[in-house]
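Mapping to our numbering: the sequence shown position 288 is 291, numbers consecutive. All C-beta atoms in this analysis are idealised placements derived from N, C-alpha and C, irrespective of residue type, glycine included. First the structure, in the form of structure tokens, and then the observations on it.
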Amino acid sequence: MGHLHVSATVVESLASLLASLLRFDGPADAAMSRHFKQDRRLGPRERSVVAEAAFDALRRLATLRWMMQTADPRRAPRLASLVQLARQHGIEPLGPRLLRGDERAVRGALTVDLGLAPSAIRAEVPMWLFQRITVQYHDAQPLFEVLAQAAPLDLRVNTIKAERDAVLKELESVARSGSLAQATPTRFSPEGIRLHEKPALTRWPMYKEGRVEVQDEGSQLVARLLAPRRGMMVVDFCAGAGGKTLAIGSLMKSTGRIYAFDVNAKRLAGLSPRLARSGLSNVHPVALHSTGDVRAKRLAGKIDRVLVDAPCSGSGTLRRNPDLKWRFDESELERLTAVQAELLRAAARLVKPGGRLVYATCSLLAVENQDVVAAFLSEQPQFAVVPAAQVLRAQGIDIDHAERFDPWFVMLPHLHGSDGFFAAVLEKRA
């Protein structure tokens, strides 16, 4: 990338952005959009250089700190900004004018031998997460490598309005006009398309008209695990902004009823514009006051399919949310697993005999996944595990490495190319 020209404005903008990001007092994407609203000096090209560099710095923060040796990125954001730009683009685009008195420190940082760094630092994760993942996965090394890379952008074709082949053809013509690299069908999800860069999607007619929605392939498959049939009653218990709700609605061909529950009314409000674009008429968003809300209780024992997409550490999404690994603290796991258990219990009350409950997270950690399900099953003997691979195979979907994780549904970035996901399909005895 030698043709990149780095201006003083880019260095300063990145330095001030890093200074605010490294406080870790909120989500990185929110801090970033605030930063660009305030810093009006950058053109679109420079803005994308700064945003890329900031995200890469978060993905590879452990080695950035190691390279800077005695200097701390938080206290020396300008130096951190120079080292980060140099590790991405080489030192040439910076030039002596920008390096000023920092040239020796930057050159020094670039020659640091990362091979000598402790394994957790090379893995780009905090020590607690390094230890848990290393114990749990025999292939932790390649998993860490992929978690430190950028994620592709996955779309889900809304089959109420379009077919995947037609959308792929449309994307081919966009690619020919030069405004997009390649678009490929996803390996496992029949509705998925993977883009290998981040286009200005919200301006595309196919997005505005609701033919496609942004959704990771793993998340699309979680909706498939419900195997919803036309006319069913379904509850998405922690719907959030409704990505999975919409996927389920489209699988049901807009028949039946889907209740999109969430205790966070603000998050649920994000579903409205998406729902309007989707053309679905079977989705009913309901903001609950608590998990024991009377409106949920009314449905006790009546629901065919219940999805609990539980709040979690988000450790499976670190490619997309690299700040999470530095913001999330191991001490929060105890509180979260209690919430997960409570949600599963509350959701189970809604399932009718013969109905199914799907518990899902975007976590890599057994403590939030297998352990939560095992504890639930030990106190609720009327539920039994249905092998996830069997549910997907019945829909013509075969996932690589399914036997390794049987009976659970597990997607991992280094094996499947999606975010990390876990799910269990539980059936209530009739």
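Buried or exposed by the 16-neighbour rule on C-beta atoms within 10 Å, applied to residue i
| i | result |
| --- | --- |
| Q87 | buried |
| G245 | buried |
| P145 | exposed |
| R359 | buried |
| E220 | buried |
| Q218 | buried |
| K247 | buried |
| Q223 | buried |
| K431 | buried |
| G5 | Annotation note: pLDDT 48 at G5 (below 50); position unreliable, no value reported. |
| S80 | Note on identity: in this sequence residue 80 is Pro, with Ser being the wrong assignment. Burial call: buried. |
| H92 | buried |
| G46 | exposed |
| E127 | buried |
| V52 | buried |
| T187 | exposed |
| P76 | buried |
Coil, strand or helix - residue i by DSSP
| i | result |
| --- | --- |
| R107 | helix |
| E194 | coil |
| D307 | strand |
| M236 | strand |
| D157 | strand |
| E173 | helix |
| L101 | helix |
| E430 | strand |
| A31 | helix |
| P288 | strand |
| D312 | strand |
| K256 | coil |
| I251 | helix |
| Y140 | coil |
| G246 | helix |
| R44 | coil |
| V266 | coil |
| T320 | helix |
| I163 | coil |
| G118 | helix |
| I261 | strand |
| G181 | coil |
CA-to-CA distance, residue j to residue i, given in whole angstroms
| i | j | result |
| --- | --- | --- |
| R100 | Q72 | 24 Å |
| T258 | I163 | 11 Å |
| F386 | Q393 | 17 Å |
| R407 | A369 | 15 Å |
| E148 | R62 | 10 Å |
| R103 | W329 | 31 Å |
| R315 | P410 | Residue identity check: residue 315 is Cys in the sequence provided, not Arg. Each residue's Cα considered, the two are about 21 Å apart. |
| T12 | L347 | 50 Å |
| A427 | Y262 | 20 Å |
| F425 | V170 | 29 Å |
| H38 | S275 | 27 Å |
| G420 | R270 | 27 Å |
| A378 | E200 | 41 Å |
| S19 | V342 | 36 Å |
| R338 | D374 | 14 Å |
| L17 | A54 | 8 Å |
| G423 | I402 | 14 Å |
| Q134 | E173 | 45 Å |
| L204 | E175 | 15 Å |
| D142 | M236 | 40 Å |
| A65 | H8 | 27 Å |
| E333 | W131 | 7 Å |
| A433 | R179 | 55 Å |
| E371 | T364 | 8 Å |
| F412 | A405 | 7 Å |
| V177 | L183 | 6 Å |
| T189 | H287 | 29 Å |
Supposed close pair residue i, residue j - CB separation, criterion 8 Å
| i | j | result |
| --- | --- | --- |
| L82 | D105 | 6 Å |
| A250 | A397 | 17 Å between Cβ atoms; not a contact. |
| V238 | L278 | The pair is not a contact, with the Cβ atoms about 16 Å apart (cut-off 8 Å). |
| A22 | W69 | Not confirmed; about 19 Å, so no contact. |
| A313 | Y362 | 7 Å |
| V109 | A89 | 6 Å |
| K305 | L367 | The Cβ separation is near 34 Å, so there is no contact. |
| D265 | G243 | 6 Å |
| D326 | P129 | So it is not a contact: roughly 12 Å between Cβ atoms. |
Closer than 7 Å to chain D by CB, residue i
| i | result |
| --- | --- |
| F147 | The structure shown contains no chain D, having only a single protein chain. |
I want to know whether the segment 416–430 touches the segment 315–329 - three or more CB-CB distances under 8 Å.
Taking a contact to require three or more Cβ pairs closer than 8 Å, the segment 416–430 and the segment 315–329 qualify as touching.
Closer than 8 Å is the cut-off here; do at least three beta carbon pairs connect the segment 194–213 with the segment 156–176?
yes
For the segment 302–310 against the segment 282–292, are there 3 or more C-beta pairs whose distance is under 8 Å?
no
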